[in-house]
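Visitor: Chains as they are written, first to last, in full-length UniProt numbering: chain A, 1 to 424; chain B, 1 to 424. Using N, Cα and C, we set each Cβ at its ideal position, and we do this for glycine too. Keep in mind it's a predicted model, so treat the numbers as computed, not measured. Below is a structure I'd like to ask you about.
Number of protein chains: 2
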Amino acid sequence: MPLSANNPDRTSWLHVDKNSDFPIQNIPFGVFLTRDDIITIGTRIGDTAIDLGALHQLGYFDDIPLTDDIFLQDTLNDFIADGRKTWRAVRNRIAEIFDAKNTSLKNNVKHKEIVLFRLDEIEMQLPVQIGDYTDFYSSIEHATNVGTMFRDPDNALLPNWLHIPVGYHGRSSSIIPSGIPVHRPQGQTLPSGASEPVFGPSKLVDFELEMAFITTDANDLGEPIPIDEAEEYIFGLVLLNDWSARDIQKWEYVPLGPFLAKNFASSISPWIVTLDALEPYRVDSPKPLKPQLPYLKYKGKKSYDINLEVAIQPEGAKETVVSNSNFKYMYWNMVQQLAHHTVNGCPVNSGDMMGSGTISGPTPDSYGSMLELTWRGEKPIKMKNGTERKFINDNDTVIMRAHCENDGTRIGFGEVSTKLLPII
Amino acid sequence: MPLSANNPDRTSWLHVDKNSDFPIQNIPFGVFLTRDDIITIGTRIGDTAIDLGALHQLGYFDDIPLTDDIFLQDTLNDFIADGRKTWRAVRNRIAEIFDAKNTSLKNNVKHKEIVLFRLDEIEMQLPVQIGDYTDFYSSIEHATNVGTMFRDPDNALLPNWLHIPVGYHGRSSSIIPSGIPVHRPQGQTLPSGASEPVFGPSKLVDFELEMAFITTDANDLGEPIPIDEAEEYIFGLVLLNDWSARDIQKWEYVPLGPFLAKNFASSISPWIVTLDALEPYRVDSPKPLKPQLPYLKYKGKKSYDINLEVAIQPEGAKETVVSNSNFKYMYWNMVQQLAHHTVNGCPVNSGDMMGSGTISGPTPDSYGSMLELTWRGEKPIKMKNGTERKFINDNDTVIMRAHCENDGTRIGFGEVSTKLLPII
Numbered sequence: 001m002p003l004s005a006n007n008p009d010r011t012s013w014l015h016v017d018k019n020s021d022f023p024i025q026n027i028p029f030g031v032f033l034t035r036d037d038i039i040t041i042g043t044r045i046g047d048t049a050i051d052l053g054a055l056h057q058l059g060y061f062d063d064i065p066l067t068d069d070i071f072l073q074d075t076l077n078d079f080i081a082d083g084r085k086t087w088r089a090v091r092n093r094i095a096e097i098f099d100a101k102n103t104s105l106k107n108n109v110k111h112k113e114i115v116l117f118r119l120d121e122i123e124m125q126l127p128v129q130i131g132d133y134t135d136f137y138s139s140i141e142h143a144t145n146v147g148t149m150f151r152d153p154d155n156a157l158l159p160n161w162l163h164i165p166v167g168y169h170g171r172s173s174s175i176i177p178s179g180i181p182v183h184r185p186q187g188q189t190l191p192s193g194a195s196e197p198v199f200g201p202s203k204l205v206d207f208e209l210e211m212a213f214i215t216t217d218a219n220d221l222g223e224p225i226p227i228d229e230a231e232e233y234i235f236g237l238v239l240l241n242d243w244s245a246r247d248i249q250k251w252e253y254v255p256l257g258p259f260l261a262k263n264f265a266s267s268i269s270p271w272i273v274t275l276d277a278l279e280p281y282r283v284d285s286p287k288p289l290k291p292q293l294p295y296l297k298y299k300g301k302k303s304y305d306i307n308l309e310v311a312i313q314p315e316g317a318k319e320t321v322v323s324n325s326n327f328k329y330m331y332w333n334m335v336q337q338l339a340h341h342t343v344n345g346c347p348v349n350s351g352d353m354m355g356s357g358t359i360s361g362p363t364p365d366s367y368g369s370m371l372e373l374t375w376r377g378e379k380p381i382k383m384k385n386g387t388e389r390k391f392i393n394d395n396d397t398v399i400m401r402a403h404c405e406n407d408g409t410r411i412g413f414g415e416v417s418t419k420l421l422p423i424i
Numbered sequence: 001m002p003l004s005a006n007n008p009d010r011t012s013w014l015h016v017d018k019n020s021d022f023p024i025q026n027i028p029f030g031v032f033l034t035r036d037d038i039i040t041i042g043t044r045i046g047d048t049a050i051d052l053g054a055l056h057q058l059g060y061f062d063d064i065p066l067t068d069d070i071f072l073q074d075t076l077n078d079f080i081a082d083g084r085k086t087w088r089a090v091r092n093r094i095a096e097i098f099d100a101k102n103t104s105l106k107n108n109v110k111h112k113e114i115v116l117f118r119l120d121e122i123e124m125q126l127p128v129q130i131g132d133y134t135d136f137y138s139s140i141e142h143a144t145n146v147g148t149m150f151r152d153p154d155n156a157l158l159p160n161w162l163h164i165p166v167g168y169h170g171r172s173s174s175i176i177p178s179g180i181p182v183h184r185p186q187g188q189t190l191p192s193g194a195s196e197p198v199f200g201p202s203k204l205v206d207f208e209l210e211m212a213f214i215t216t217d218a219n220d221l222g223e224p225i226p227i228d229e230a231e232e233y234i235f236g237l238v239l240l241n242d243w244s245a246r247d248i249q250k251w252e253y254v255p256l257g258p259f260l261a262k263n264f265a266s267s268i269s270p271w272i273v274t275l276d277a278l279e280p281y282r283v284d285s286p287k288p289l290k291p292q293l294p295y296l297k298y299k300g301k302k303s304y305d306i307n308l309e310v311a312i313q314p315e316g317a318k319e320t321v322v323s324n325s326n327f328k329y330m331y332w333n334m335v336q337q338l339a340h341h342t343v344n345g346c347p348v349n350s351g352d353m354m355g356s357g358t359i360s361g362p363t364p365d366s367y368g369s370m371l372e373l374t375w376r377g378e379k380p381i382k383m384k385n386g387t388e389r390k391f392i393n394d395n396d397t398v399i400m401r402a403h404c405e406n407d408g409t410r411i412g413f414g415e416v417s418t419k420l421l422p423i424i
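See the structure below:
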């Protein structure tokens, strides 16, 4: 099925600001609570949210094979499980319905009243029930920075790093949508020079700038996904702030990896931008520095040129942008991650989420965490309000944004914005 | 509510073998497919499976506040979410219905036809939808053995081990019930002496003998569970075989922990034995070797005397018992694990599963993995059929069993039995 929804010449009869992340070429998917307290699946054009459950009930998807309640659900899992052919048919149809030349809904005042919402009338929810959350560690700049700081600058990358898209399992239960505040976590840390740990609030709360992809049902237990097929199982992407408590992490992570340092919260942007919408922004991945095993070899452009930005907004002050990075810097791409994850037969289901790992670029202003941006706190960052930050302070809001842009079309993710509250 | 279901003097009108794991004092909970292809929640007495959905429809639970479809589900998650008071009321009622002195169901042939099944008429399913699976590392003997083999015999325990119930996140999607076979995984390994990794079947597939507890909805994001309340949120336990590929693990696990070495499969026993049923088998935990932080200090007996056994059955041959251990050896107990897991505010939900980590006892015949039992393969184990095992061979079946016993009452878990098939 062609990606007619991507037609760059199409405009919508809904108003779209010139610099909007959500032109009619985007058509992301999300879940929201309406003014009538109903949960529904929806999309967004400009600053208008669109109730897909209502559109379906009104017959606008009648010739697409969909169950009656596919959009009247509190997660996208079942829709995602329907597979790529269905996602494309629905996304193409939405583009047609809202095309400037199509008057069927545009001129139906009653239908528009039921289907369209202003953003202040809705409350975005987690878009999927995340069965399993995996976090990779796929930025060579990030892995090198961390290795340089904590191990050995001359051997910053561990021996397996150039051979394996290193990953580990995260916690699904603490994944929250943008807008939900997070409390500073408490835990065990080993103060510098001490021999016994102490208990208390983490002093080094950090963000990690990541993108994450959401999968559809991919394979049964025991069946690897070949790398050439991996893309078929990726529905779309969100922004991910993988909150981290550096002092807790340092004490707990040997030998089994990060645990409480990470699982107090991970925040995601609420609109899933489909891989289809990102099609015009494909780019080559970085060239491998070492040969990769055949199951990790792929053909074509499998990275995406997505501009990333992180800002910190102190309580009652203006925000300060602290990092500008790009998703294209990732050394290991998504099809490599998914092929690796399943090469042992591990099953991947609809709604699973896989994070890229912290996305650091090549320059110090493109690093994806305060740990790297301030180099362990040695180089604090000045805020516009005159204060300094080594890590994240109580009542700071961390805001991440992402968008692609070329030939005058911009496809964006909106933002993931999370306030850090003091300990409970 | 009193635990009348635990009355040791009670007998059932259903036949129960003397050495059965499932006397009327047990009353575990599970999910099974019936001869009519219906999925239902059930329990078991002796070798009779009992359809709780049918019992409820016939009115046997009418005065207990339960939704009509609470047992007509394919997982126990909603029932577990109802909380301890409901679990106890239902378990006590089941004990009454099947008490030798109670003739109401016993004499109702029609009802018995609907409610009772022989074991060969049903197929056990995964008892819960596991939202998040956490695996701890709480046996001091296991951690010491692994540290001795792979690091330094003089400093076998890492500095954090005596302070933290070390744990990490596992994969939910590959958890399977007893009886489902597993394929030997493929993956990257670094052959001894080589500088580049190779791809192929794991040569060192191992079991890990564990118990795991299943939780109910416990806390919201940001709210720790105090250790004194932790027990309230534990529904019950199962046996867990945490399959491990040692060669894949060795190459991949630094610095973020085990990943593909573990997530190809984890097998559990299908009947959840409630914490209430295990009440008579409480014992003290081992004395701490170092002071523990206040949030990890508990009162009373929080360990359980559960005898454990692992057998290997080569294809077409008799099984050989390779390990006898006990759950009481765990250095860190379940309330410490749950208090630690949530001290940073990580939310725990109904159906989450937390594994103990490999349970090794103090003697070499009580170790909980082939890695330890054969000491990295240096001391192969003789099978009854004359062959030897360093790790697990293709077409071997690994069988784990567990039971408690005192004063003539035995409460058991049945078994988790999994055949290892060759690579797919």
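Counting contacts by CB-CB distance shorter than 9 Å, is B:N344 in contact with chain A?
Guide: B:N344 counts as touching chain A.
Visitor: Would you say B:Y253 faces chain A, with C-beta separation under 9 Å as the test?
Guide: Output row for B:Y253: interface = yes.
Visitor: So is A:R246 in contact with chain B if we call contact Cβ pairs under 9 Å?
Guide: Answer no: the Cβ-Cβ gap between A:R246 and chain B never drops below 9 Å.
Visitor: State whether the region 296-307 of chain B contacts the region 402-412 of chain B, with contact taken as three or more CB pairs (one from each stretch) at a distance under 8 Å.
Guide: Result yes; three or more Cβ-Cβ pairs closer than 8 Å.
Visitor: Got a sec? Which residues, its chain only, sit under 6 Å from A:T48 by beta carbon, not counting five neighbours each side?
Guide: Closer than 6 Å at the Cβ level, and outside the excluded window around A:T48, lie L14 and L116.
Visitor: Select from the region 392-409 of chain B all residues with a C-beta closer than 8 Å to any C-beta belonging to chain A, and list them in chain order.
Guide: Residues passing the 8 Å Cβ filter: none.
Visitor: Report yes if the C-beta distance between A:R44 and A:I38 is below 9 Å; otherwise report no.
Guide: No, Cβ-Cβ distance for A:R44 and A:I38 is not below 9 Å.
Visitor: Using three-state DSSP, classify A:Y285 as helix, strand or coil.
Guide: In the sequence as presented, Tyr is not what sits at residue 285 of chain A; that position holds Ser. Of the three classes helix, strand and coil, the one that applies to A:S285 here is coil, per DSSP.
Visitor: Can you tell me the Cα-Cα spacing of B:V321 and B:M383, whole angstroms?
Guide: When rounded, the distance between both Cα atoms is 9 Å.
Visitor: Name, in chain order, the residues that DSSP records as bridge partners for A:D206.
Guide: According to DSSP, which records beta bridges pairwise, A:D206 is partnered with A:S244.
Visitor: Less than 9 Å between the beta carbons of B:S417 and B:Y367, yes or no?
Guide: In this structure, B:Y367 does not lie closer than 9 Å to B:S417 by Cβ.
Visitor: Closer than 6 Å by C-beta to A:L126: which residues in its own chain qualify, once you throw out the five before and the five after it? Chain order, please.
Guide: Closer than 6 Å at the Cβ level, and outside the excluded window around A:L126, lie P177.
Visitor: Are the CB atoms of B:S139 and B:S356 within a distance shorter than 9 Å?
Guide: The answer is yes: Cβ separation under 9 Å.
Visitor: Going by DSSP, name the residue or residues bridged to A:N406.
Guide: DSSP, once it has assigned bridges, lists A:T409 as partnering A:N406.
Visitor: Run through the DSSP bridge pairs and tell me what residue 426 of chain B is partnered with.
Guide: In the structure as shown, chain B starts at 1 and stops at 424, and residue 426 of chain B therefore has no counterpart that could be examined.
Visitor: Can you list, in chain order, the residues of its chain whose CB lies under 8 Å from that of B:T148, leaving out five sequence neighbours each side?
Guide: Cβ neighbours of B:T148 beyond the five flanking positions: A156.
Visitor: When you compare the region 267-277 of chain A with the region 225-244 of chain A, are there three or more beta-carbon pairs, one atom per stretch, that lie closer than 8 Å?
Guide: Short answer: they touch.
Visitor: Could you check whether A:G361 and A:E141 sit closer than 9 Å to each other, using their CB atoms as the reference points?
Guide: It is a contact, given that the beta carbons lie within the stated cut-off.
Visitor: Pick out whichever of B:L72, B:A261, B:R410 and B:N344 has its Cα sitting closest to the Cα of A:N344.
Guide: Nearest option by C-alpha distance: B:A261.
Visitor: CB B:T216 to CB B:H169, shorter than 9 Å?
Guide: Their beta carbons are not under 9 Å apart, which means B:T216 does not touch B:H169 by this criterion.
Visitor: In whole angstroms, what is the alpha-carbon distance linking A:G222 and A:F32?
Guide: Cα to Cα, the separation comes out at about 36 Å.
Visitor: Determine the closest residue to B:L278 out of B:Q57, B:F259, B:F327 and B:P286, with distance taken between C-alpha atoms.
Guide: Checking every option, the nearest Cα to that of B:L278 belongs to B:F327.
Visitor: What is the residue span of the beta strand (DSSP E) that A:V335 lies within?
Guide: That residue, A:V335, is in no beta strand (DSSP E); its alpha helix (DSSP H) goes M334 to T342.
Visitor: Closer than 8 Å is the cut-off here; do at least three beta carbon pairs connect the region 252-261 of chain A with the region 228-235 of chain A?
Guide: Counting Cβ pairs under 8 Å, fewer than three are found: no touch.
Visitor: Pick helix, strand or coil for A:I227, following the three-state DSSP scheme.
Guide: A:I227 falls in the coil class under three-state DSSP.
Visitor: For a test of your reading of the model: does the CB of A:T418 fall under 8 Å from any non-hydrogen atom of the ligand SAM? Yes or no.
Guide: Questions concerning the ligand SAM fall outside what the structure shown contains, since it holds no ligand whatsoever.
Visitor: From this set, B:K290, B:R10, B:P181 and B:N26, which residue's C-alpha is nearest B:Y281's C-alpha?
Guide: Answer by Cα proximity: B:N26.
Visitor: Closest to B:V128 by CA distance: which of B:R184, B:Q292, B:F71 and B:H183 is it?
Guide: Checking every option, the nearest Cα to that of B:V128 belongs to B:F71.
Visitor: Please list, in chain order, the chain A residues whose beta carbon lies closer than 9 Å to that of B:G170.
Guide: The answer, in chain order, is H169.
Visitor: When DSSP labels each residue in this structure, what does B:R376 get in the three-state scheme?
Guide: Three-state result, B:R376: coil.
Visitor: Anything in chain B within Cβ reach of A:V31, meaning under 8 Å, just list it in chain order.
Guide: Those do not exist, as A:V31 stays about 18 Å from chain B at its closest Cβ, beyond 8 Å.
Visitor: CA-CA distance, A:R171 and B:D132?
Guide: Approximately 7 Å, taken between the alpha carbons.
Visitor: On a Cα-Cα basis, can you pick out the residue from A:M124, A:P380, A:Y329 and A:N219 that is closest to A:D74?
Guide: Cα-wise, what sits closest to A:D74 is A:M124.
Visitor: Whole angstroms are fine: how far does the CA of A:D152 sit from the CA of B:P201?
Guide: Whole-angstrom Cα-Cα distance: 33 Å.
Visitor: Considering only C-alpha positions, which residue in the set A:E388, A:G167 and A:T409 is nearest to A:A317?
Guide: Ranking A:E388, A:G167 and A:T409 by Cα distance to A:A317 puts A:E388 first.
Visitor: Closer than 8 Å by C-beta to A:T396: which residues in its own chain qualify, once you throw out the five before and the five after it? Chain order, please.
Guide: Correcting the residue type first, residue 396 of chain A is Asp in the shown sequence and not Thr. So the qualifying residues of the chain are I312, Q313, P314, E315, R389, K419 and L420.
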